[in-house]
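Numbering (my numbering), first residue to last: 109 to 461.
Spelled out as structure tokens, the structure:
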């Protein structure tokens, strides 16, 4: 099976771990990070959310996203060691939809976040010209960026690709928007999401380039696909149709099926919003022939808060640590994510060898 790319390093920061290995083990132990936050809802009540208590509580929004992303990116590049020097890199940066909105007379927060992270990567000795592609398509964004990154790797146009995402709901404006949409988790509103924040980055290379650089493979991405669903948080379309997610799953898992292999581990970004659960149930039934028994389904967002655009990079970081440390429930994992606009993405990653 020819991989699209090999993972050689990962970094992550979440409310349950300041590094990828901490997060992976805490996730495995089902650690939960829900707590009362300094932010309040429209009624003046403290909001239950998952956030990093180590960050300055006065820093919010895009500025906070930069702090989160810098930590995860720094960890990933740090793990490359001397091999990072002079690497021709391209960055695929995934951000939440609202960060792409340009305020009157100013630039979109997404551009500021990207500029800060490019400067951080250059500080680690990477080639001075780092091409960066920013997507503000939310959780499904990595599915749309990955093919371009893999194509550049295959052509030899770059030596390595950085695929990452950052998400934070720690912002009064963001909390107000979720509250107005009825999406804030409360005892009387369980069909909702728990606000959260996290960031994750993975370094991708062609397997032969990784070997020449004496870097250990942590996993291989073998399939990726995207599609669109009509059901969204702001409409009443039936989530049981699940035609988009079903198509994405079938296409992403096709490389395994062609070799008689099945997946046994699924990582999703779903929270407590029921329409996404209905969608996953329907798609899972229609694609059961592509999965083995038993199969493990994991939903990190239900314990560490909404993952946003960091969902799929975080899934890859968790999988890479699990493969490397020997606690993965299955050698073939599927990452699923869905954006509020209806975009859906599926990505398949397998253990080395």
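Glycine is no exception: its CB is placed at the ideal position from the N, C-alpha and C atoms.
Under the assumption that residue 269 contacts residue 260 (Cβ atoms under 8 Å), give the Cβ distance between them as a whole number of angstroms. Here residue 269 really is in contact with residue 260; their C-beta atoms are around 7 Å apart, less than 8 Å.
Euclidean distance between Cα positions of residue 291 and residue 381: 8 Å
What are the partner residues of residue 319, as DSSP defines its beta bridges? Beta-bridge pairing links residue 319 to no other residue.
Can you tell me whether DSSP reads residue 158 as helix, strand or coil? coil
Whole-angstrom C-beta distance between residue 254 and residue 109, which should lie under 8 Å: With 8 Å as the limit, residue 109 and residue 254 do not qualify as a contact, their Cβ atoms being about 17 Å apart.
Should residue 364 be labelled buried (16 or more other beta-carbon atoms within 10 Å of its own) or exposed? buried
With DSSP as the reference, label residue 339 as helix, strand or coil. Reduced to three states, the DSSP call for residue 339 is coil.
Whether or not the region 245-254 and the region 166-185 are in contact is what I'm after, with contact meaning three or more pairs of Cβ atoms, one per stretch, closer than 8 Å; do they touch? no
Return the CA-CA distance between residue 323 and residue 348, expressed in angstroms with no decimal places. 44 Å
Let me know if residue 162 comes out buried or exposed under the rule of 16 or more other beta-carbons within 10 Å of its beta-carbon. exposed
What number of angstroms, rounded off, separates the C-alpha of residue 294 from the C-alpha of residue 156? For residue 294 and residue 156, the gap between their C-alpha atoms comes out near 8 Å.
Pull up the CB-CB distance for residue 360 and residue 393, whole angstroms please, since I reckon it's below 8 Å. The pair is not a contact, with the Cβ atoms about 17 Å apart (cut-off 8 Å).
For residue 90 and residue 303, I'd like the C-alpha separation in whole angstroms. Past the boundaries of the shown model lies residue 90; the chain is included only from 109 to 461, so the question cannot be answered.
Threshold first: 4 residues or longer. Then list the alpha helix (DSSP H) segments lying entirely within the region 235-304, N to C. 249-263 and 280-288
For residue 387, which three-state DSSP category applies? helix
When we look at the beta-carbon of residue 164 and count the other beta-carbons within 10 Å, is it buried (16 or more) or exposed? exposed
Do the region 307-327 and the region 365-379 meet, that is, are 3 or more Cβ pairs less than 8 Å apart? no
Given this structure, state the Cα-to-Cα distance separating residue 307 from residue 176, to the nearest angstrom. 6 Å
Whole-angstrom distance between residue 114 and residue 465, CA atom to CA atom: Nothing can be reported for residue 465: it is not among the residues displayed for the chain, which extend from 109 to 461.
From the DSSP output, in three-state form, read off residue 109 for me. coil
Rounded C-beta distance between residue 429 and residue 129? I'm assuming under 8 Å. 5 Å
Within the same chain, show all residues whose beta-carbon is closer than 7 Å to that of residue 362, passing over the 5 residues directly before and after it, in chain order. 331
Beta-bridge partners of residue 198, as assigned by DSSP: According to DSSP, which records beta bridges pairwise, residue 198 is partnered with 239 and 269.
Straight-line gap, residue 205 to residue 273 (C-alpha atoms, nearest Å): 12 Å
In its own chain, which residues sit with a C-beta less than 8 Å from the C-beta of residue 355, not counting the 5 before and 5 after it? Correct list, in chain order: 333 and 335.
Less than 8 Å separating the beta-carbons of residue 275 and residue 418? yes
Is DSSP giving residue 447 helix, strand or coil here? Here DSSP, grouped into helix, strand and coil, assigns residue 447 to coil.
For residue 457 and residue 432, which I take to be in contact (beta-carbon distance under 8 Å), what is that distance rounded to the nearest angstrom? The Cβ separation is near 12 Å, so there is no contact.
Would you list the one or two residues that DSSP bridges to residue 329? 113 and 457
Taking a contact to mean a Cβ-Cβ separation below 8 Å, would you say residue 224 touches residue 174 in this structure? yes
Identified DSSP bridge partners for residue 434: DSSP, once it has assigned bridges, lists no residue as partnering residue 434.
Tell me whether residue 190 is buried or exposed, calling it buried when 16 or more other Cβ atoms sit within 10 Å of its Cβ. With fewer than 16 other Cβ atoms within 10 Å, it is exposed.
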